[in-house]
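First up is the structure itself, then whatever we jot down about it.
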Amino acid sequence: MKRNVLFGIILCGSSVTTFAQLSDIQKPVTITPYISIQNFDWIGRSTIGKAGVQLQFKPIKKLNLAIDGSVFNSLGSSIILNNDISASSSFDNNGKYGTAYGPSGTGSSVLPKTIYQGAFINIDAGIPIKLGDSSRTIIEPFVSIEGKIWNRSADYGTEANPSIYEEKYKFLSPALGAKLSYNTKSKIKLSLRISASYPAISKLKTDSKNFTHPNTEIDLTKWLSPSVELGVRVKKITLKLRYERINIGISDSIKGCSPASHADVTGISIGYDF
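If you number the sequence shown the way the working numbering does, the last residue is 274 and the count never jumps.
Below you can see the structure in the form of structure tokens.
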């Protein structure tokens with residue numbers, strides 16, 4: 001699990017460096033490190049801590065580039081209801097096991113210890129357009145590419161005899177959206193960002209310890225996922241509220257009970273501009 005998070009950090013860093021080199025960009029206009037607290041509702045309720053950095057570039061007058069990379073980890077264990085952990089076992093035509101809810105045979109009386117870890121990177125390219133004669137209000141349609149590495153680990157055993165089931169998700173998604181910003185006379189900036197992403201790559205890999213089910217890797221069906229973000233910047237401090245729905249598909253090859261689901265992610269972040 002730690003290895004995957006480390007890989008995510010390296011991926012974010014190398015992507016930022018490579019992108020800057022290819023674009024011949026010497027330095028960003030703004031560097032904004034930030035921290036965030038999020039509620040992650042999927043199969044249970046989890047609190048997640050997130051840390052990252054956003055780099056903003058302006059290679060030409062009519063083009064804005066933003067690169068956002070972060071890592072996240074659970075703060076404590078998830079709150080899971082009995083009816084949320086009912087297992088759904090299913091097998092493909094080759095006998096491989098897979099599910100978006102965990103291994104079968106756990107029983108509804110088992111309350112696993114669940115944690116989330118992962119990494120995120122997003123690259124926006126937008127064209128700012130002034131609304132009216134004033135430069136205070138700007139709309140910026142953009143295209144972007146976002147990648148997510150998201151791991152869910154559930155321990156159904158005890159400290160002496162752990163029974164661990166891991167689900168490792170990988171998403172690579174192009175997205176479309178728009179940003180709207182308004183600068184007040186007192187130099188307070190208000191912003192709104194709306195986008196929708198559609199995965200080009202959507203995979204699930206399962207790993208288990210002390211379970212009889214074989215590990216497998218499957219392609220998930222692809223679903224549109226929306227997000228909205230409200231922000232306010234006062235001097236160099238930026239505060240943001242964000243909501244995202246991650247729609248998780250099913251496997252075309254898996255037969256049986258394995259329904260699609262969605263994760264609701266809400267959070268607040270604070271950053272400082274350099």
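Here a beta-carbon is modelled for each residue, glycine too, at the ideal position from N, C-alpha and C.
Run of the beta strand (DSSP E) containing residue i, from where it starts to where it stops
i	result
W223	Per DSSP, W223 belongs to no beta strand (DSSP E) and is neither H nor E.
T114	113 to 126
N210	Element bounds for N210: n/a, residue is neither H nor E.
L75	Note, L75: premise wrong, no beta strand (DSSP E); not H, not E.
E217	216 to 219
K189	188 to 197
Presumed contact (8 Å Cβ cut-off) between residue i and residue j, rounded CB distance
i	j	result
S275	K236	Here the chain covers residues 1 to 274 and nothing more, so residue 275 does not appear.
L180	I139	5 Å
V265	I246	7 Å
L204	E167	6 Å
S74	I43	In fact, because the Cβ distance is near 13 Å, the residues do not count as touching under 8 Å.
Under 8 Å between C-beta atoms of residue i and residue j
i	j	result
K113	S77	yes
G177	S191	no
S173	A154	no
I121	E146	yes
G132	S202	no
Q54	D41	no
Q56	G267	no
Three-state secondary structure assigned by DSSP to residue i
i	result
E166	strand
L131	coil
F274	coil
W42	coil
P33	strand
F91	For F91, the pLDDT reaches just 36, beneath the cut-off of 50, and the residue's location in the model is therefore unreliable, although a value from the coordinates is still provided. The answer is strand: DSSP assigns F91 an E or B state.
K148	strand
N277	The question about residue 277 has no answer, for the chain in this structure spans 1 to 274.
V265	strand
S108	In this prediction, S108 has a pLDDT of 41, which is less than 50 and means its spatial position is unreliable; what the coordinates show is noted afterwards. Note: S108 maps to coil in three-state DSSP.
G98	Summary for G98: the model assigns pLDDT 40, below 50, so the residue's position carries little reliability; its value from the coordinates is reported in the next sentence. If DSSP states are grouped into helix, strand and coil, G98 belongs with coil.
G177	strand
P28	coil
S23	Confidence in S23 is poor, its pLDDT being 47 and thus under 50, which makes the residue's placement unreliable; the coordinate value appears in the next sentence. Looking at S23 - three-state DSSP - the assignment turns out to be coil, as it is neither helix nor strand.
Y156	coil
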